[in-house]
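Read through the structure below, which is laid out as structure tokens, and then see the notes.
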Amino acid sequence: MSSTGVAYNRVLLKLSGESFLGDKPYGIDLNVVRRIAQEISQVHALGTQVAIMIGGGNIFRGIKGAKEGMERVSADYMGLLATVINAVALQEALEREGLVTRHVSAIEVKAVAEPFVRRRVLRHLEKGRVIIFSAGIGSPFFTTDTAAALRALEIEAEAILKATKVDGVYSTDPVQDPQAKFFSEISYLEVINQNLLVMDTTAISLCKEHNLPIIVFNLKKKGNIVAAVKGDRVGTIIH
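Okay, structure coming up:
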């Protein structure tokens, strides 16, 4: 733990698009986004530098579009554009909390975001600005989980905080299987070998290769983001 009382001085928070749904079947529940922004503000107040990678599944999921007959590349680009919409919503909520933010997109959308330039992003973080990454890595076929792992390594984050709708990593889907076993910690290889679908294999492999820990936790439980940054026992740690 650092002298500031936190376990991690720089983190990448991975948010799924579904985390913005609330009780809605589709779209963005702004009350949920504001609550998430408040928790991120609390983390920032601890002195931890924060970057966020946002998904787009609440609006459009590329792989689902492909399964319904769309060309995969076109469907994936639609999914990437959905993440841009979510990023704008989160940016607005964070700035209402008084944070200075930068929206950084992997595809060019000059009106709402700046392009990814590693040195510039590092400088933003050092100045206390919250970074919101959108559009994954800007290419089809790559998930926002893989993008989160890549960007976390590029910005030299000390951990990935993977926000989910369950308490951590389980042997099976705990929503479907009440007998699912909960893991308080688990290795990268065990996640891959047991095909535990917390993140895709490419993302897990990247983190394994570079010893980047992943903390998987329940976003719906208030205070969990702060607890994870402080190093409190919360969720599952993959290492």
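Each residue of the sequence shown is one higher than the last, beginning at 9 in this note's numbering. The beta-carbon is built from N, C-alpha and C at its ideal position, and this holds for glycine as well.
Cβ shell of residue i (< 6 Å), same chain only, five flanking positions each side left out
i	result
N66	G25, E26, F28 and L29
A95	I62, H111, I140 and S142
A83	G70, G73 and A74
Residue j beta carbon less than 8 Å from that of residue i
i	j	result
A45	A119	no
I246	I194	yes
P248	R80	Given that the chain is displayed from residue 9 to residue 247, the structure contains no residue 248 and the question cannot be resolved.
I233	I48	yes
Q57	N17	yes
C215	A157	yes
V242	L204	no
T109	S192	no
N226	V174	yes
Integer-rounded CB distance, given that residue j should sit under 8 Å from residue i
i	j	result
A211	T154	5 Å
V237	A15	7 Å
L20	R159	6 Å
M86	G77	Between G77 and M86 the Cβ distance is about 13 Å, and since that is not below 8 Å, they are no contact.
T91	G64	4 Å
V206	I163	Rounded, the Cβ-Cβ distance is 22 Å, inconsistent with contact.
Contacts around residue i, its chain only, beta-carbon distance under 7 Å, and the 5 residues preceding and following it disregarded
i	result
F150	G144
I115	L88, A143 and G146
I93	I67
S11	Below a pLDDT of 50, predicted positions are generally treated as unreliable, and S11, at 47, falls in that range; the measurement from the model is reported next regardless. So no residue of the chain qualifies.
H132	R110 and I139
F190	D175, G176 and Y178
V117	V92
P221	A167, I245, I246 and H247
Closer than 8 Å to chain C by CB, residue i
i	result
R241	In the structure shown, chain C cannot be found, because there is only a single protein chain.
Cβ-based neighbour list, residue i, same chain, cut-off 8 Å, excluding 5 preceding and 5 following
i	result
T209	I200
K230	R43 and E47
G106	S49
How do the stretch 158 to 171 and the stretch 183 to 192 stand: do at least 3 beta-carbon pairs fall below 8 Å, yes or no? no
Are there three or more Cβ pairs, one per stretch, closer than 8 Å when the stretch 35 to 43 is compared with the stretch 125 to 135? no
Output the residue ranges of the alpha helix (DSSP H) runs that lie fully inside the stretch 48 to 99 and measure 4 residues or longer, sorted by chain position. 70 to 75
Within the stretch 150 to 195, ranges of the alpha helix (DSSP H) (whole runs, at least 4 residues): 152 to 162
Runs of beta strand (DSSP E) wholly within the stretch 195 to 235 (minimum 3 residues, chain order): 222 to 226
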